[in-house]
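If you want our numbering, it's the position in the sequence shown, counting the first as 1, plus 2. First the structure, in the form of structure tokens, and then the observations on it.
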Amino acid sequence: MLTLFHAPNSRSSRIVWMLEELGASYEIRPVTIFRPMTGEGTPDASNPHPEKRVPALDHDGVFLAESQAIALYLADAFPEQGLAPKPGDPRRGEYLTWMAWYVAEMEPALFAGFTGELEGSPEKRRGYDAVLRKLASAFAAGPYVMGEQFTAADILIGSALNFARRAFPEDAAMDAYVARCRQRPAAQQALARDGAAGLQNAA
């Protein structure tokens, strides 16, 4: 059984989306979290995440925390759904690189753009511009970051852009990519399931 510890409109929302893409049977265990962007919310003592954050996932006794780890695990646990190239596939390296790049490069750039930290920091500006160039190249080749194949990397990247699109400049190709991700049936199902999770209002 898959049990997702989840707070609505949070980082765990992307895992709801992924579980819907997989067509997996899963249970949502709602938890409350502290939301640093608003200063609202109280950590839930019942949340098994070591830092009382989300997402956290239990799969028949296998426990994972953090979006990238969970996404990597689920894509490999359900290979028939095609959310990751299988081991031995020549594109496996590209996929793993995208997954690591999201955490190491895109998230810091997105946060810097969202909070205004680019001002007065040439180093952060260089990283931010490099992220924009890489995304632009991927969107030009599209429709997804690995071309025709929708992967777990799109779940991480698409969900981040959907949540914090204003962190990056106006761009028609980026907007089209976000729209494609949002229009996927599983994304729509996840949106409904996310809102039904209750306990904590979106912050």
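For each residue, glycine too, the CB sits at the ideal point set by N, CA and C.
Should residue i be labelled buried (16 or more other beta-carbon atoms within 10 Å of its own) or exposed?
| i | result |
| --- | --- |
| P171 | exposed |
| V64 | exposed |
| S208 | Look at the range of the chain in this structure, 3 to 205, and you will see that residue 208 is not part of it. |
| R168 | exposed |
| D131 | exposed |
| P57 | buried |
| D91 | exposed |
| R16 | buried |
Apart from the five residues just before and just after residue i, which ones in its own chain have a Cβ nearer than 6 Å to its Cβ?
| i | result |
| --- | --- |
| A140 | V147 |
| L66 | L59, I72, Y75 |
| L163 | V180 |
| A77 | L85, A86, A154 |
| N203 | Any reading at N203 must be qualified, since the residue scores a pLDDT of 31, below 50, and its modelled position is unreliable; the value itself is stated next. If we look at N203 and ignore the five residues flanking it on each side, it has no Cβ neighbours. |
| R22 | Reading off the sequence shown, one finds Glu at residue 22, where the question assumed Arg. The residues are A188, Q191, A192. |
| V18 | A192, R195, D196 |
| M108 | V133 |
Just list the residues that DSSP pairs residue i with in beta bridges.
| i | result |
| --- | --- |
| A58 | F7, A67 |
| Q151 | M148 |
| R93 | DSSP output for R93 lists no bridge partner at all. |
| E29 | T5 |
| E119 | In the DSSP output, where bridge partners are listed per residue, E119 has none listed. |
| R128 | None; R128 has no bridge partner. |
| R37 | E42 |
Cα-Cα, which of the options is closest to residue i?
| i | options | result |
| --- | --- | --- |
| C183 | D60, A71, E107, G144 | G144 |
| E14 | S27, R31, P81 | Note on identity: in this sequence residue 14 is Ser, with Glu being the wrong assignment. Comparing Cα positions, the closest option is R31. |
| L134 | K88, D173, R186 | D173 |
| A79 | P187, M20, Q151, G43 | M20 |
| K88 | Q151, N49, E119 | Q151 |
| M176 | G160, Q185, R186 | G160 |
| Q70 | A194, E119, A106 | A106 |
| P38 | M108, H51, T117 | T117 |
| L24 | L137, R186, Q83 | Q83 |
| T99 | G43, A178, K136, G129 | K136 |
Can you find a heavy atom of the ligand GDP that lies under 7 Å from the Cβ of residue i?
| i | result |
| --- | --- |
| A71 | The model on display carries no ligand, and the ligand GDP is accordingly not part of it. |
Does the CB of residue i have a neighbour CB from chain D at under 8 Å?
| i | result |
| --- | --- |
| D156 | Note that chain D does not occur in the displayed structure, where there is just one protein chain. |
Please work out which residues of its chain come closer than 7 Å, Cβ to Cβ, to residue i, disregarding the five sequence neighbours upstream and downstream, and give them in chain order.
| i | result |
| --- | --- |
| M3 | E29, D62 |
| R55 | I35 |
| A26 | L4, F80 |
| L112 | A162, A166, A169 |
Keeping to the same chain, check which residues put their C-beta closer than 8 Å to that of residue i; ignore five residues upstream and five downstream.
| i | result |
| --- | --- |
| G200 | Low per-residue confidence applies at G200: pLDDT is 41, beneath 50, and the placement is therefore not dependable, though the value from the model is reported in the following sentence. Answer for G200: P10, P32, listed in chain order. |
| S123 | A114 |
| G149 | A143 |
| E119 | F113, K126 |
| M101 | Q70, A73, L74, A154, A155, L158 |
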